[in-house]
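Every letter in the sequence shown is one number past the one before it in this note's numbering, and letter 202, counting from 1, is 236.
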Amino acid sequence: MASPDTSSIHDVVIIGSGPAGLTAAIYAARASLTPLVLEGEPSSTGDQPGGQLMLTTEVENYPGFPDGIMGPELMINFRAQAARFGAKYETVKASRVDFTERPFKIWVGDPDADDPTYRAKTVIVSTGAEALMLGLPNETKLTGHGVSTCATCDGFFFRDQDIAVVGGGDSAIEEATFLTKFASSVTIIHRRDELRASQIMQDRAFANDKIKFLWNSEVKALVGEEQLQGLIVENNQTGERTEIPFTGMFVAIGHRPNTDLFKGQLDMKDNGYLITQGVSTRTNVEGVFACGDVIDDYYRQAITAAGSGCKAAMDSERWLEEHDD
Ligand code: NAP
């Protein structure tokens with residue numbers, strides 16, 4: 035990697051390179067702002083330039099692709115489209131930001147270094163969120179091959195199969211209920227003997243003939259090398275372990291937004307998601323915008339993230355027009 039030019043002040047620095055960040059890059063680049071995208075670095079903990087779609091296989095609900103497209107291919111296309119109009123990329127992860135004065139400062143590497151690595155007139159935060167996983171050995175490898183974190187995205191691939199959903203909150207019940215449209219049966223595997231989900235969601239699940247429950251149960255191992263073939267489930271009261279031939283496992287134990295970097299600088303909800311103003315992507319700091327899953331604890335779709343990235347680029351462009359002399 036070439037050393038960054040620390041002397042220049044960028045019009046727009048985009049932190050994060052999922053659908054939101056790269057759509058922001060396309061729009062900002064076409065507005066001749068030459069955005070710099072800090073696209074992140076792959077890590078053992080699942081960090082991934084390109085975001086969560088890099089961990090999926092086929093995407094069938096992104097408009098414009100009637101035959102579907104592989105998640106990584108879609109993100110490579112997003113990236114190339116922005117590059118075509120002049121977006122620049124650095125495969126680095128921001129380690130510290132200072133939004134207290136303009137130009138904003140962003141560090142990569144040593145967060146205690148005196149000089150920031152980048153300076154920017156506006157910043158677009160699109161660091162996304164990650165689905166919490168169980169932490170089992172081959173879980174990442176089997177993601178997209180039987181293991182999923184998004185029923186809306188992948189439910190269709192599990193037609194007439196026996197599948198499991200892990201978790202006991204509203205997400206688990208919502209995913210399980212949605213999955214009954216496709217699957218032969220959906221078994222909710224929950225570590226306690228009562229659900230955390232709201233009563234109305236629970237009632238819906240209990241009334242659904244296709245939904246079964248495994249209480250006091252924890253998934254201890256995934257069976258299958260290339261494709262999920264079953265789960266080893268342990269009853270945490272008796273210690274008994276059983277192998278059950280599920281061909282799908284949806285993990286619905288919550289999400290975590292990637293916002294640690296912005297604590298104390300950007301306003302966040304109690305659950306860590308960034309707060310934006312009204313329908314805009316403006317944060318509490320003038321000139322800093324946020325978009326995509328990092329502000330969205332509800333829809334969490336590639337297309338909604340992309341739409342939000344478009345808004346962030348337009349907000350940033352307008353802000354520069356009004357403030358940049
Ligand atoms: P959540 O409410 O935090 O529930 C997470 C569930 O996963 C809990 O049942 C928890 O078990 C279980 N869990 C956590 N870590 C686990 C682990 N390592 N292994 C096994 N199980 C684990 O998360 P959520 O369901 O994603 O919901 C997040 C928020 O969004 C909630 O406020 C929810 O009400 C809201 N939401 C609302 C709707 C709706 O209204 N339509 C839909 C989805 C989400 P314990 O119960 O034992 O802690």
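Note that the Cβ used here is the ideal one computed from N, Cα and C, for glycine as well.
Item	Value
Any non-hydrogen atom of ligand 1 within 6 angstroms of R334 CB	no
Cβ-based burial, E94 [other Cβ within 10 Å; buried from 16]	exposed
Same chain, Cβ closer than 7 angstroms to A165, neighbours up to 5 away in sequence not counted	T183, V285 and H289
Those residues, in chain order, that have a beta-carbon closer than 5 angstroms to some heavy atom of ligand 1	G201, G202, G203, D204, S205, E208, R225, R226, R230, I287 and G288
Range of the contiguous alpha helix (DSSP H) that encloses Y61	P53 to R64
Nearest to L265 (by Cα), restricted to the options P279, R352, P171 and E274	P279
Cutoff 8 angstroms; reference N15; Cβ partners in own chain excluding five residues on either side	There is simply no residue 15 to check, as the chain begins at 35 and stops at 359 in what is shown.
CB contact flag (H357, Q261, <7 angstroms)	no
The segment 247-262 contacting the segment 150-165, beta-carbon criterion three pairs below 8 angstroms	no
A36 burial status per 10 Å Cβ neighbour count (16 or more: buried)	Residue placement at A36 is flagged as unreliable, the pLDDT there being 47, under the threshold of 50; a coordinate-derived value is accordingly withheld.
Distance, A117 Cα to M104 Cα	20 angstroms
D301, enclosing beta strand (DSSP E) - first and last residue	Unbroken run through D301: none, as it is neither H nor E.
Rounded distance between the beta-carbons of K254 and E268, thought under 8 angstroms	5 angstroms
Straight-line Cα distance separating T174 from S77	12 angstroms
Three-state class that DSSP yields for M35 in the structure shown	In this predicted model, M35 has a pLDDT of only 47, less than 50, meaning its place in the structure is not dependable enough to derive any value.
Opposing strand residues paired with G201 [DSSP bridges]	According to DSSP, G201 bridges with nothing at all.
Separation of G120 from A65, as counted between CA atoms	10 angstroms
When E124, F192, P171 and I234 are compared against E92, the one with the closest alpha-carbon	F192
Cβ contact (3+ pairs, closer than 8 angstroms) linking the segment 295-303 and the segment 128-135	yes
Integer-rounded CB distance, given that T186 should sit under 8 angstroms from Q335	7 angstroms
Within 7 angstroms, strictly: CB atoms of S129 and P145	yes
Inter-residue Cα distance where the pair is I394 and F112	The requested residue 394 is not part of the displayed model; the chain covers only 35 to 359.
Where S160 falls: helix, strand or coil (DSSP)	coil
I223 and A210 closer than 7 angstroms at C-beta	no
Spatial neighbours of V322 in its chain, beta-carbon cut-off 6 angstroms, leaving aside the 5 residues before and after	F133 and V157
Proximity of Q34 and I60 at Cβ, strictly below 7 angstroms	Given that the chain is displayed from residue 35 to residue 359, the structure contains no residue 34 and the question cannot be resolved.
Buried versus exposed, by CB contacts within 10 Å (16 or more), F138	buried
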